[in-house]
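Beneath this line is the structure, given in structure tokens, with notes to follow.
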Amino acid sequence: MIAAASAGFLVVIPALLPQNGRVVYAGCLRGAGDVRYVALIALVGVGVLRPLLTWLFCFPLSPLLPALFLTATGPWWAFLLDALVRSAMLSRRVRGGKWTSVQLH
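Under the numbering used here, read the sequence shown as residues 2 to 106, first letter to last.
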């Protein structure tokens, strides 16, 4: 149990960087009025990507790679990958400038 928890921390700690970037980019886009895009990205990430990855890591891959403690760390790997994908998509949206043409009602 201690080894599995330790492995989980080794995944969570690096995941905090893209997670914080995601929070900043999402906040900037929401503040600029681009709420729909942020909500869509959150829906895809939290509603589709993260559950699928968690299932993949915890069930089919866990027996194949027992040394990685995927039953305990799988959800954190899914969190890391979700944070990377969402941060990249939100960063791309900010850099692209499309959010500057959003009309506020």
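Every residue gets a Cβ at the ideal spot worked out from N, C-alpha and C, and that includes glycine. Note that the structure is a prediction, hence the values are computed from the model and not measured.
So, at 7 angstroms on beta carbons, what are the nonlocal neighbours of residue i in its own chain, with the 5 sequence-adjacent residues on each side left out?
i	result
L53	none
R87	R23, I42 and G46
Along the chain, where does the alpha helix (DSSP H) containing residue i start, and where does it finish?
i	result
T55	R51 to C59
F10	I3 to G32
T72	L71 to G97
A40	V36 to V45
Work out the CA separation of residue j and residue i for me, nearest whole Å.
i	j	result
V95	S102	12 angstroms
L91	D35	11 angstroms
G48	S63	22 angstroms
L71	L50	17 angstroms
L66	G98	42 angstroms
A33	P76	32 angstroms
A27	P61	33 angstroms
R31	W100	9 angstroms
Taking 8 angstroms as the CB-CB cut-off, is residue i touching chain D?
i	result
L65	Of the protein chains in the structure, only one exists, and it is not chain D.
On a Cα-Cα basis, can you pick out the residue from the options that is closest to residue i?
i	options	result
A16	P61, L44, A84 and M2	A84
W78	I3, G9 and W100	G9
A4	L69, V86, R87 and F60	L69
M2	L30, T74, A43 and V39	T74
G46	L82, S7, L57 and G32	L82
A40	A6, R23 and L18	R23
A89	S7, Q104, Q20 and V12	Q20
By Cβ distance, which residues of its chain are closer than 8 angstroms to residue i, with the 5 residues on each side in sequence left out?
i	result
F58	L71, T74, G75, P76, W78 and A79
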